[in-house]
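Chemist: Numbering-wise, the sequence shown is residues 1 to 245 according to the UniProt record's numbering.
Ideal placement from N, C-alpha and C gives every residue a C-beta, glycine not left out.
The structure displayed is predicted, hence computed values, not measured ones.
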Amino acid sequence: MLAIIGGTGLTQLDNLEITRRLIVRTPYGEPSQPLIFGKIEGREVVFLARHGNGHTIPPHEVNYRANISALHLQGVTEIAAVATVGGIHKDLAPGVIAMPHQILDYTHGRKNTYFDGIDLPVKHIDFTEPYCPNLRAKWEQAAKEIGETLITTGIYATTQGPRLETAAEINRLERDGATMVGMTGMPEAALARELGISYAAICPVANHAAGRGDSLHGIQYEELVDNLNQTMVRVRNIIAQLVKQ
Ligand code: HPA
Numbered sequence: 001m002l003a004i005i006g007g008t009g010l011t012q013l014d015n016l017e018i019t020r021r022l023i024v025r026t027p028y029g030e031p032s033q034p035l036i037f038g039k040i041e042g043r044e045v046v047f048l049a050r051h052g053n054g055h056t057i058p059p060h061e062v063n064y065r066a067n068i069s070a071l072h073l074q075g076v077t078e079i080a081a082v083a084t085v086g087g088i089h090k091d092l093a094p095g096v097i098a099m100p101h102q103i104l105d106y107t108h109g110r111k112n113t114y115f116d117g118i119d120l121p122v123k124h125i126d127f128t129e130p131y132c133p134n135l136r137a138k139w140e141q142a143a144k145e146i147g148e149t150l151i152t153t154g155i156y157a158t159t160q161g162p163r164l165e166t167a168a169e170i171n172r173l174e175r176d177g178a179t180m181v182g183m184t185g186m187p188e189a190a191l192a193r194e195l196g197i198s199y200a201a202i203c204p205v206a207n208h209a210a211g212r213g214d215s216l217h218g219i220q221y222e223e224l225v226d227n228l229n230q231t232m233v234r235v236r237n238i239i240a241q242l243v244k245q
């Protein structure tokens, strides 16, 4: 089964015909919200809003382990994630949708593995390619089929948040090779890999990262919302096509 994880700007899927909601408990605690089962284009999918229904859980407090575990317990084998970012590379302007192929992780203090129990043997997953190539190909194909532009490479830097970055921090991320910055890419992708779930994310760009673009008054997140909502209409259209693959 396919799961869709929505982030900022995507707490609901308008094109989802909801059939049931399920409260799931996991050994790691409760996920961000009850899982929402339903159909898109006739296919059964499950939806989870990463920050909770009312968008109240900040990135560093999301229980990523519970979220991925809950989906796994329900038989999910594929996770199509949506994660809003700031654009570092000049091509990643607000409104662009990008699909990263690599990740940098600057987070700290997050519970980032299932393999830390005292009884469990340590396991080191391969993470050379952090996103599933098959699912990336499906995202790409879906966008192409509906004539939507998707930038199909990018390096996603995950920062701790919840504050946005300084201009100097963004300069450092760029020197490290990052083309976009967000706060939720990790440990979500790694946890999915640990459980053998295929995972790939697309990233709507909400803003120019700090010190980029021509804003004279910094990043006023609230001002981005209208723009982001328009981008999410396009994201939902890509998802509606993805589920047909
Ligand atoms: N930085 C970090 N995370 C983000 C940003 C940003 O500029 N925009 C959206 N998520």
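1) Between which residues of its own chain and Leu120 is the CB-CB distance below 6 Å, once the five residues before and five after are set aside?
2) Where does Pro133 sit, in a helix, a strand or coil, going by DSSP?
3) Pairs of beta-carbons, one from the stretch 63-70 and one from the stretch 102-118, closer than 8 Å: are there three or more?
4) If you check the beta carbons only, do Ala98 and Gly154 fall under 7 Å apart?
5) Who are Tyr156's beta bridge partners in DSSP?
6) Is there at least one non-hydrogen atom of ligand 1 closer than 6 Å to the beta-carbon of residue 274?
7) Is any heavy atom of ligand 1 found at a distance shorter than 6 Å from the C-beta of Met232?
8) Distance, Cα to Cα, Gly7 vs Ala178?
9) Taking just the CA atoms, how far does Gln141 sit from Pro31?
10) Take Asn237 and list the residues in its own chain whose beta-carbon comes closer than 8 Å to its own, dropping the five residues that flank it on each side.
11) Gly211: beta carbon under 6 Å from a heavy atom of ligand 1?
12) Tell me which residues share the same chain as Glu209 and place their Cβ nearer than 7 Å to its Cβ, disregarding the 5 neighbours each side in the sequence.
13) Would you say the beta carbon of Leu164 is closer than 6 Å to some non-hydrogen atom of ligand 1?
14) Looking at the structure shown, is His55 part of a helix, part of a strand, or coil, going by DSSP?
15) Note down, in chain order, each residue of its chain lying with its Cβ closer than 8 Å to the Cβ of Lys39, except the 5 sequence neighbours on either side.
16) For Val96, collect the residues of the same chain with a Cβ closer than 7 Å to its Cβ; drop the 5 residues on either side in sequence, then sort them by chain order.
17) Which of the three DSSP states, helix, strand or coil, is assigned to Pro85?
18) Got a sec, what are the start and stop residues for the beta strand (DSSP E) Leu22 sits in?
19) Kindly indicate which residue of Phe47, Leu191, Leu224, Tyr156 has the alpha-carbon position closest to the one of Ala240.
Modeler: Walking through what the data contain:
1) Start at 1 with the first residue of the sequence shown, and residue 120 comes out as number 120. Hits under 6 Å: none found.
2) Locating residue 133 in the sequence shown gives position 133, where the first residue counts as 1. Assignment of Pro133 by DSSP, reduced to helix, strand and coil, places it in the helix class.
3) yes
4) Indexing the sequence shown from 1 puts residue 98 at position 98. Indexing the sequence shown from 1 puts residue 154 at position 154. Taking 7 Å as the Cβ cut-off, Ala98 and Gly154 qualify as a contacting pair.
5) The residue you call residue 156 lines up with position 156 of the sequence shown. Its beta-bridge partners are Ile103, Met180.
6) Coverage of the chain is limited to positions 1 through 245, which leaves residue 274 absent and any answer about it impossible.
7) Translated into the one-based positions of the sequence shown, residue 232 becomes position 232. False, no ligand heavy atom lies under 6 Å from that Cβ.
8) In the sequence shown, counting from the first residue as 1, residue 7 sits at position 7. In the sequence shown, counting from the first residue as 1, residue 178 sits at position 178. Between the alpha carbons of Gly7 and Ala178 lies a gap of roughly 20 Å.
9) Reading the sequence shown from its first residue, position 31 is the one you call residue 31. Reading the sequence shown from its first residue, position 141 is the one you call residue 141. Distance between the alpha carbons of Pro31 and Gln141 is about 30 Å.
10) Counting from one through the sequence shown, the residue named residue 237 turns up at place 237. Correct list, in chain order: Ile146, Glu148.
11) Translated into the one-based positions of the sequence shown, residue 211 becomes position 211. Checking every heavy atom of ligand 1 against the Cβ of Gly211, none is found closer than 6 Å.
12) Along the sequence shown, one-based indexing puts residue 209 at 209. Correcting the residue identity first, residue 209 is Ala in this sequence and not Glu. The residues are Gly86, Gly87, Ile88, Glu165, Ile170, Val181.
13) Residue mapping note: residue 164 aligns to position 164 of the sequence shown, counting from 1. It does: the Cβ of Leu164 is within 6 Å (strictly closer) of some heavy atom of ligand 1.
14) In the sequence shown, residue 55 corresponds to position 55, counting from 1. Here His55 sits in coil by DSSP.
15) Numbered from its first residue, the sequence shown carries residue 39 at position 39. Within the same chain, Lys39 has close Cβ partners Leu16, Glu17, Thr19, Val45.
16) Start at 1 with the first residue of the sequence shown, and residue 96 comes out as number 96. Hits under 7 Å: Gly87, Ile151, Val205.
17) In the sequence shown, counting from the first residue as 1, residue 85 sits at position 85. Reading the sequence as shown, one finds Val at residue 85 and not Pro. Three-state result, Val85: strand.
18) Sequence index remark: in the sequence shown, residue 22 carries index 22 (1-based). For Leu22, the uninterrupted beta strand (DSSP E) run begins and ends at 17-22, by DSSP.
19) Position 240 of the sequence shown, counting from 1, holds the residue named residue 240. Of Phe47, Leu191, Leu224, Tyr156, the residue nearest in Cα terms is Phe47.
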